[in-house]
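Report on the following structure.
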Amino acid sequence: MILFPKNDQENAFLKAWLEKRLDGARAGSDSWCIGVWRDEKLAAVAAFTNYRHVDIEIMFASDNPRWATKQTIAYILAFPFVQLKTQRCSAMVLKSNKRVRKLLLGIGFKEEGRHLHAAKNLETILSYGMTRAYYMERYGSLHGIDEVAA
Numbered sequence: 004m005i006l007f008p009k010n011d012q013e014n015a016f017l018k019a020w021l022e023k024r025l026d027g028a029r030a031g032s033d034s035w036c037i038g039v040w041r042d043e044k045l046a047a048v049a050a051f052t053n054y055r056h057v058d059i060e061i062m063f064a065s066d067n068p069r070w071a072t073k074q075t076i077a078y079i080l081a082f083p084f085v086q087l088k089t090q091r092c093s094a095m096v097l098k099s100n101k102r103v104r105k106l107l108l109g110i111g112f113k114e115e116g117r118h119l120h121a122a123k124n125l126e127t128i129l130s131y132g133m134t135r136a137y138y139m140e141r142y143g144s145l146h147g148i149d150e151v152a153a
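Going by the numbering used here, the letters in the sequence shown line up with residues 4 to 153, in that order.
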């Protein structure tokens with residue numbers, strides 16, 4: 004089940020849950036979160052932050068990778084691509100976080116760059132992106148929409 008917060012308190016709860024699981028990363032004060040429930044407990048949170056009309060950043064945190072079904076990913080990414088109509092969605096990931104990098108590639112993000120010494124202990128951060136056109140090609144049929152209609 005997908006949880007779209009009904010108020011600022013629910014959004015703050017989801018944001019705190021996400022930040023507790025991300026080592027030192029913080030979602031901005033303008034962030035909007037989406038929660039994913041599995042087996043009657045919160046399994047994952049996606050936070051959208053740094054909205055710039057053509058681009059928005061996404062952050063993920065989870066306790067179990069089983070939340071990431073194609074349908075769930077399609078609904079989460081519908082927020083920036085269908086509702087906000089952004090042109091792209093960006094993600095920044097520690098090079099050492101192979102699990103999240105694999106997730107991003109698996110759901111359709113492309114590696115776009117390397118940012119040397121951008122994290123603690125001089126670790127490299129990798130940037131990933133997905134375009135709206137690619138989202139519509141890959142997931143649009145799950146919503147019964149196409150690029151022309153959206």
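Positions of the beta carbon are idealized from the N, C-alpha and C atoms, including for glycine.
Predicted model only: the values in this text are computed from it and were never measured.
K113 beta carbon less than 9 Å from that of M133: yes
Span of the beta strand (DSSP E) around V103: Element bounds for V103: not the beta strand (DSSP E) but the alpha helix (DSSP H), 101-110.
Alpha-carbon spacing of K123 relative to A28, whole angstroms: 11 Å
For V96 and L25, the rounded distance between their alpha carbons: 11 Å
Other residues of its chain near P83: CB distance less than 7 Å, five sequence neighbours each side excluded: F51, I59, T89, C92
Residue from L17, A81, H118 whose Cα sits closest to the Cα of S99: H118
Three-state secondary structure (DSSP) of V48: strand
F63 in three-state terms, based on DSSP: strand
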